[in-house]
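Going by this note's numbering, the letters in the sequence shown line up with residues 1 to 335, in that order.
Here the structure comes first, spelled out in structure tokens, and everything after it is commentary.
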Amino acid sequence: VPLDALPGLRAWLLRQQYRVVHPYTNAAPGGWAWTDLLGGVPDADDTPGAILALTTLQSVSRPSGSGPDQPAGPLPDGRGTEDTAARWMMNLQNRDGGIPTFCRGWGTLPFDRSSPDLTAHVIRALMRWLEPRYEIGYRELIRSGRATIVDWKYGVGTKYQMLLHRGTTAVEKCLKFLRRTQRPDGSWLPLWFGNQHAPNDENPTYGTAKVLAAFQALGRMSDESAVRGVRWLVENQNPDGGWGAGSGTPSSVEETALAVEALLGQAPGSLAISRGLSWLIARVEDGRFREPSPIGFYFAKLWYFEALYPLIFTVAALRKADEVMRKISGREPTV
């Protein structure tokens, strides 16, 4: 994306936030839907995704010296927007600590139940929202399990302080949910994604990779649950170096990219990552990284693919690999 397009992109995202109660689900204002067209419903995957995108775009500022590829002006301030979205996500949290798709506590339909992948996405968004709002190192506190120190430092005397305290509590509840829902083999299952080649149409590679991204955001990759998740990914790599939904299922660009990115947060020099990167790079070089796989799953057994998934996931994995390798070698990061 050209740098001078970033302010407009961020402004467009800000305009897509729901400002009124949704007429069908009665969802409170503050969330984002999967589309800007009629029929969209605020959900717990697109809302944290929007927050992560907005905060990333907010970090882009105009460098000294202007040029045709530099932002034309300051980015709009979305702090009020982010606070409203944080409240929306926390209000969605179920009593089990997990996050459902649309509405809290319904539980009647499959998409009403709490989901590990959605919960992990919300953790990442809440962490991104919380960190700059604490003057002391929230990441260090949450990593050590001492988040209550924030209460001692700041108290909970104001509404905003109470909101921040509520955010730390929500993150810890989400973590407990993720630990409880980890399967005995170390994997997690997603809600809206599957694989038609896997037993029961499940996709533990997708779910495990998404949950590990949350542990990485928290700085808790040494957590026993994260270690078990990493072990599951490594043990279920295919002989060709790629990943499918699990051992023995065909490798895909989407699943391989997600697995590689997740593993880069724990063991950047491992053989599994090297083999996975080689598989992925070969697909980029021969152009096959543009071929999507039907990993999207509706509950009526309707499989679908998204043309952007393989591109986005591949770029994210390769960017992460570049970032990690540059850090190891001491080289300057790329933009």
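By construction, the Cβ of each residue, glycine as well, lies at the ideal position given by its N, Cα and C atoms.
query, result
"SER115 (DSSP reduced to helix, strand or coil)", "strand"
"SER329 versus MET162 - alpha carbon distance", "43 angstroms"
"Cβ neighbours of SER64 in the same chain (closer than 8 angstroms, five flanking residues each side left out)", "Residue confidence for SER64 is low, a pLDDT of 39 falling below 50, so the modelled location carries little weight and cannot support an answer."
"Alpha-carbon spacing of PHE215 relative to THR101, whole angstroms", "21 angstroms"
"Nonlocal neighbours in the same chain, by C-beta distance under 7 angstroms from ASN203, ignoring five residues either side", "PRO190, PHE193, GLY194, ASN195, ALA245 and ILE295"
"Straight-line Cα distance separating SER293 from GLN70", "With a pLDDT of only 39 at GLN70, under 50, the local geometry of the prediction cannot be trusted, and no value is derived from it."
"Beta-carbon proximity of ALA317 to GLU235, cut-off 8 angstroms", "no"
"Separation of PRO199 from ILE51, as counted between CA atoms", "34 angstroms"
"Rounded straight-line distance, which links the Cα of ASN94 to that of GLY8", "35 angstroms"
"Residue burial classification, PRO310 (beta-carbon count within 10 angstroms, cutoff 16)", "buried"
"Residue of GLU224, LEU271, GLN266 and LEU308 minimising C-alpha distance to GLN237", "LEU271"
"Cβ-Cβ distance between ALA259 and GLY276 below 8 angstroms", "yes"
"Limits of the unbroken beta strand (DSSP E) element including TYR309", "Note, TYR309: premise wrong, no beta strand (DSSP E); alpha helix (DSSP H) at 308-329."
"CB-CB length for ALA33 against ASP43, believed under 8 angstroms", "6 angstroms"
"Which of helix, strand or coil DSSP assigns to GLY219", "coil"
"Cβ separation of ASP240 and SER252, assumed to be a contact under 8 angstroms, to the nearest whole Å", "Contact doesn't hold; Cβ gap of about 11 angstroms is too wide."
"Beta-carbon proximity of LEU263 to VAL324, cut-off 8 angstroms", "no"
"Residue span of the alpha helix (DSSP H) that contains TRP232, given as start and end", "224-235"
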